Amino acid sequence: QKEVEQDPGPLSVPEGAIVSLNCTYSNSAFQYFMWYRQYSRKGPELLMYTYSSGNKEDGRFTAQVDKSSKYISLFIRDSQPSDSATYLCAMSETGGGNKLTFGTGTQLKVEL
Amino acid sequence: GAVVSQHPSWVICKSGTSVKIECRSLDFQATTMFWYRQFPKQSLMLMATSNEGSKATYEQGVEKDKFLINHASLTLSTLTVTSAHPEDSSFYICSAYQSGESPNEQFFGPGTRLTVL
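Residue numbers (the working numbering), protein chains in the order written: chain A, 1 to 112; chain B, 113 to 229.
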């Protein structure tokens, strides 16, 4: 079993839809949770960074962490074609500056 | 956000040759740099962690003699793939981290696509 499992996608939604992306994990020591966006042939860029359980909102993006269920989510409201990318969840035991364990990524396509 | 560059962005080499990939933090000093490998439709897998002036720490299953990492300064780390073979073809991504700075995140380079013929 992988430490981090991510819905494989690909996911195709119409413009304006609410997108839900999810990851589950098995390592209860993970304390820091991140979501990255990666465009084709580019490096990942950080979207959201959360510590422990709870919600965090930034513009159209909301990250949720449920440590009791070992489940994290990223919601994108009012999705735009420019949101089309691969979204990777990542986790760390000791913070973003240390070893990150990534999910496989979910490919998202937002269509006009 | 901080900028990390990689060079080259794309390289093709013959089997048996060595390839060097550079990772630079352009506007900050990186106390730690990480090297990842990403195969198509798979997640980023950490290969090694390097701290400036120290030997790199390799993840289990990564051959340290094959993937040579040098972190000679606070702005430059290099990954040398020695005696490359077709199975080494992958997307190599570095990231850089500055200890004590907020946010507590790694900044990723744009990646280097290696194709070994």
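Just so it is clear, CB atoms sit at the ideal spot from N, CA and C, and this is done for glycine as well.
What you are looking at is a predicted structure, and each value in this text was computed from that prediction instead of being measured.
Query, Result
"Chain A partners of S211 of chain B, CB-CB under 9 angstroms?", "G97"
"Would you say I205 of chain B lies against chain A (beta-carbon separation less than 8 angstroms)?", "yes"
"I want to see whether chain A comes within less than 8 angstroms of R149 of chain B, judged by CB atoms only; does it?", "no"
"For a contact meaning CB atoms closer than 7 angstroms, what does F102 of chain A contact in chain B?", "S155, L156"
"Which of the residues in the region 15-47 of chain A, read from start to end, lie with their CB under 9 angstroms from any CB of chain B?", "Y32, M34, Y36, Q38, R41, K42, G43, P44, E45, L46"
"Assess contact between the region 16-27 of chain A and the region 68-76 of chain A, defined as three or more Cβ pairs (one per stretch) separated by less than 8 angstroms. Is contact present?", "yes"
"Under the rule that 16 or more other beta-carbon atoms within 10 Å means buried, what is W122 of chain B, buried or exposed?", "exposed"
"What is the DSSP secondary structure of E134 of chain B, counted as helix, strand or coil?", "strand"
"For D112 of chain A, which residues in chain B fall below 7 angstroms Cβ to Cβ?", "The identity of residue 112 of chain A in the sequence shown is Leu, whereas the question assumes Asp. Those do not exist, as L112 of chain A stays about 25 angstroms from chain B at its closest Cβ, beyond 7 angstroms."
"Tell me whether E57 of chain A sits in a helix, a strand or coil according to DSSP, three-state version.", "strand"
"For E171 of chain B and K56 of chain A, I'd like the C-alpha separation in whole angstroms.", "32 angstroms"
"Kindly give me the distance between the Cβ atoms of T187 of chain B and A114 of chain B, rounded to whole angstroms, as I take these residues to be in contact under 8 angstroms.", "T187 of chain B to A114 of chain B, Cβ: 11 angstroms. No contact."
"Counting along the chain, where does the beta strand (DSSP E) carrying Y36 of chain A start and finish?", "32-38"
"Nearest to E3 of chain A by alpha carbon, out of A:G96, A:A90, A:Y39?", "A:A90"
"Taking S82 of chain A as the reference, which of A:F102, A:Q1, A:Q107 has the closest Cα?", "A:Q107"
"Just to confirm, are S207 of chain B and Q218 of chain B a CB contact at a threshold of 8 angstroms?", "yes"
"Who are the neighbours of G223 of chain B on chain A, taking C-beta pairs under 8 angstroms?", "R41, K42, G43"
"Distance cutoff 8 angstroms, beta carbons only. Does T187 of chain B sit that close to anything in chain A?", "no"
"Distance cutoff 8 angstroms, beta carbons only. Does F69 of chain B sit that close to anything in chain A?", "Limits of chain B in this structure are 113 at one end and 229 at the other, which puts residue 69 of chain B out of reach."
"So, are the CB atoms of V174 of chain B and A196 of chain B less than 8 angstroms apart?", "no"
"Cutting at 6 angstroms between CB atoms, please list the residues of its own chain near G223 of chain B, excluding the five before and the five after it.", "F203, I205"
"Which of helix, strand or coil does DSSP assign to E171 of chain B?", "coil"
"To the nearest angstrom, how far is the alpha carbon of P10 of chain A from that of G165 of chain B?", "42 angstroms"
"So that I know if they touch, is there some Cβ in chain A lying closer than 8 angstroms to that of F220 of chain B?", "yes"
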